[in-house]
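Q: A single structure is presented below for examination.
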Amino acid sequence: MRVLAWSLLWFFVSLTVTGIVSYELGGADLLTWRSGLRTAGGVFFLAALVVGGVLTTKSAYRSRTKFFYREDWSFICILVTIGLFGLSLLIR
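All residue numbers for the sequence shown refer to numbering that gives the first Met the number 0, where the first residue is 0 and numbers rise by one.
Next up, the structure:
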């Protein structure tokens, strides 16, 4: 449940940030916002790859006292990616 809440939080934060940036750059054009959502989705996918790959080192794997594990952060980034790409497909 905690992973889903963090995913929704990051989804709405990235949705708001891309909306504000696209409004400042191109006005109220939905196509600009759609491309911004796809770019943000790509950034979150890259973050999921980095978190899943970099945090698998032995020193990072030994410190298990963290609030979230690396698998959780990768899954959060993947869920946000799916949400952003899914929403960008709905915008025409």
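All C-beta atoms in this analysis are idealised placements derived from N, C-alpha and C, irrespective of residue type, glycine included.
On the three-state DSSP scale, how would you describe R1?
A: Helix, per DSSP.
Q: Would you identify the three-state DSSP class for I90, choosing helix, strand or coil?
A: DSSP places I90 in coil when its eight states are reduced to three.
Q: So, are the CB atoms of S13 and L83 less than 8 Å apart?
A: Against a cut-off of 8 Å, the Cβ pair of L83 and S13 comes out as a contact.
Q: Short check: CB of V50 to CB of C76, under 8 Å?
A: In contact: V50 and C76 (Cβ atoms closer than 8 Å).
Q: Run the CB neighbour count on G41, radius 10 Å, all protein chains shown included, and call it buried at 16 or more, exposed below.
A: So G41 ends up on the exposed side.
Q: Is L24 near L86, with beta carbons less than 8 Å apart?
A: Not closer than 8 Å, so no.
Q: If I measure Cβ to Cβ from D28 and keep anything under 8 Å in the same chain, skipping five residues before and after, which residues do I get?
A: Cβ neighbours of D28 beyond the five flanking positions: S21.
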